[in-house]
Every structure is written in structure tokens, then in C-alpha cells.
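In the numbering used here, the protein residues as written are -11 to 274. Each residue gets a CB set at the ideal place from its N, CA and C atoms; glycine is no exception. Computed from a predicted model, the values in this text were never measured in an experiment.
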Amino acid sequence: MGSKSDMIPVYTVDVFSTGKPFFWMGEWSGIGNAYPHLALPHKQMFYTLIHVQEPGGHIIIDHEVIYLTPFNVICIKPGSIVQVDIAGRSNGYMICFSESFFSLRYNSNVLQRFAFLSSEVPSRLNLQTDYVEKWHSLNALMFEEYKTRGSEQVLRSYLNIILNELDRCNNIPGATEQVSARLNKVIQFEKMVEEHYYEWKTPAAYAAQLYITTNYLNKLCQEYRSSTAGEIIRKRVVIEAQRSLHYTSLSVGEIAVQLGFESLSYFVTFFKKNTGVTPETFRKNR
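Right, here's the structure in full:
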């Protein structure tokens, strides 16, 4: 994987040098030659959908190796640390988009209704065998639009269709046609956790910002996410700690400070309680 550093490159969609930081689409077969820097660990701040037409290649997402097959779509969520196997020679498509690109036409809550885009859901999505040909056709039509006219309005429409089709292929609890006021509170909470996990560690802090009680926030999280608010916060902190331990050379103490812990001992206790091992053990075993 190469040597570690204190800093992991952070990329937005304009890493593909298009001058358009909100949307990009390309053929998988040319990724390695055109963007060799994707082979090194980097943090992506956008959504990515990847599908190949024949087995070949893999992607590492937060130290999990995922192999590419025609019957899977890989969905990479913002904030993930990624390494791309640029030696893979399979054909297929890679679609990259920011939430703001989709939300220019569709309300941002509509994007959040796709449960498979949640950070809680595994990156590997199923693609039913009798649907593979339809998927390729949709991707090919979208890519033709991207290469020729490049109408953002048309590309958003294709993207909306593709997300809906993925939703149909993956029956994940929580996906709804319309976002209720109750579910919207959970979505707001999750967005706030993503922005403030390093400084706000208790459900009460988020509940106050949402103008609801802590008990009600917990009730909503258990209803829609099958987890308490505290579990969601802790899981997000643990993920970031694991990323830093795996991909950087920062000391455990430096990581503790970065994540807003008052002391090293508190961080070590927190990490061990939530993972079963100490930070140092986790790092040695990776």
C-alpha cells in the first residue's frame, strides 16, 4: 500500500480535471492510465457508482477489499478513503456526482431517501442478473449524453433514473418515496453528525440543535436506523479513528486530539470499548 503520511489527499469531483466540480462520468477501462493517483489512498468527498461488464479489478474502501463483478454496483460515499486497482482491465462505467449536483433539480432530502447511499449500508450493491443489460443501456445512454451535448438537466434525469433502479434492486429498509417529517429529523441528525462528530459526542448536543428531546431523537433513530443516537455518533467517530490509524502515521495521541478527545486514555478506552481492541493493536493488525 505504500508508506503512510500525516495527510491523506482529499479529492472533489474536479480531481478528474474537467473544471466541473459537481459531476463526471468515464469508462472504467481508462481510469488507470488517465488518473494514476487514484491508486494511492485518498478521501473522496463525492458519491461514486462503479460497474464493470466482466470480472476484473478491485477497490479498497476504508481498508475493505471489494472485487468488481458484473452483478454488483460499487457505491462509494463521501468521506470514504479509497484505493483503486488501476491494473484492472474490465470495461464499464464510473459515475461521480456531488449532492449539490443532484439537488439543483431535486430537493436534497430526495437524494437522502435512497437508503443505499447511507454510510451505514455496505458499498457493494446487488444487480439482479436479468437487469444487467438494462443497467448497461442506461449507463451507455448517459455516457453518450455526457460526451456530446452534456446537458446537466438531462444528466440529472438519467442519474435520478439510475438511483431509482438501484433502489429497486436492493430492498434496503428505510427507502421511501417521500421523506416524512420524522425521517427528515433523522437525516438532519446524520448530516450534523458528519459535520460535528469530532466536537459533539452526546445525543443531547444534537437534539438541542434539532429542537427535540434526546429521548425523541433516540426513538426516531431506533425506528429508522435500528440504532440509538449515541450508537450512530460513536460509530462515526470509530470509523474516522480507524481511517487515521490505518492510513496515516499520526500517533494515537495526535489522533485523539484530532477527534476532540480530552485525553489519550479516554480515547483508548472509547476505542477499545467500541472495537474490542486498543488503537495500537488495531494499527498493528492492519
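- Query: Taking buried to mean at least 16 other C-beta atoms within 10 Å of its own C-beta, is Asp118 buried or exposed?
  - Reply: exposed
Q: Give the secondary structure of Phe104 by DSSP, where H, G and I count as helix, E and B as strand, and everything else as coil.
A: helix
Review point. Counting Cβ pairs, one atom from each stretch, are 3 or more of them under 8 Å apart for the region 110 to 125 and the region 134 to 144?
Key: no
Q) Would you report the Cα separation of Lys183 and Pro66, rounded to the nearest angstrom? A) In the sequence as displayed, the identity of residue 183 is Glu instead of Lys. Looking at the two C-alpha atoms, the distance is approximately 12 Å.
Where DSSP assigns a beta bridge to Glu316, which residues make up the other side? This structure leaves residue 316 out entirely; the chain is present only between -11 and 274.
CA-to-CA distance, Met82 to Asn159, given in whole angstroms: 23 Å
Specify the secondary structure class of Gln166 as computed by DSSP and reduced to three states.
Bear in mind that the predicted position of Gln166 carries a pLDDT of just 49, short of 50, making it too unreliable to give a figure here.
Spatial neighbours of Thr269 in its chain, beta-carbon cut-off 8 Å, leaving aside the 5 residues before and after: none
Q. From Tyr204 to Ser215, what distance separates their C-alpha atoms?
A. 13 Å
Worksheet item: When burial is assigned at 16 or more other CB atoms within 10 Å of the CB, is Pro24 buried or exposed?
Response: exposed
Open item on the list: Let's see if you can read the secondary structure: which residues bound the beta strand (DSSP E) around Gly14?
Closed with: Phe11 to Glu15
**Asked** Straight-line CA distance for Gln210 to Ala22?
**Response** 44 Å
Quiz prompt | Spatially closest choice to Phe249 from Asn206, Trp188 and Glu87, by CA coordinates | solution = Trp188
Open item on the list: Helix, strand or coil for Ala269? Go by DSSP, reduced to three states.
Closed with: First, the residue type needs correcting, since residue 269 is Thr and not Ala in the sequence shown. Three-state DSSP puts Thr269 in a helix.
Between Leu26 and Pro(-3), what straight-line distance do the alpha-carbon atoms span, to the nearest angstrom?
-> 10 Å
| Ordered list of alpha helix (DSSP H) runs contained in the region 12 to 77, each at least 4 residues | 19 to 22
- Query: Can you give the beta carbon distance from His47 to Gly80, rounded, assuming they're within the 8 Å contact cut?
  - Reply: Contrary to the premise, residue 47 reads as Ile rather than His in this sequence. Going by Cβ atoms, the distance from Ile47 to Gly80 rounds to 12 Å, so no, they are not a contact pair.
Please return the same chain residues whose Cβ sits closer than 7 Å to the Cβ of Ile200, not counting the five positions on each side in sequence. Lys173
>> Quick check on DSSP: helix, strand or coil for Lys8?
In response: coil
Fill in: Segments assigned alpha helix (DSSP H), at least 4 residues, entirely inside the region 206 to 253
217 to 235 and 240 to 246
Suppose contacts are defined by Cβ-Cβ distances below 8 Å. Is Phe177 in contact with Ala217 by that definition? yes
Is the beta carbon of Val181 closer than 8 Å to that of Ile220? yes
message = By DSSP's criteria, Tyr186 is part of a beta bridge. Which residues make up the other side?
response = DSSP output for Tyr186 lists no bridge partner at all.
* Asked: Where DSSP assigns a beta bridge to Arg112, which residues make up the other side?
  -> Ile62
Exercise for review: Quick one: using the 10 Å Cβ neighbour count with 16 as the cut-off for buried, is Arg279 buried or exposed?
Suggested key: The first residue shown for the chain is -11 and the last is 274, placing residue 279 beyond what the model contains.
message = So, with DSSP's three-state summary, where would you put Met82?
response = strand
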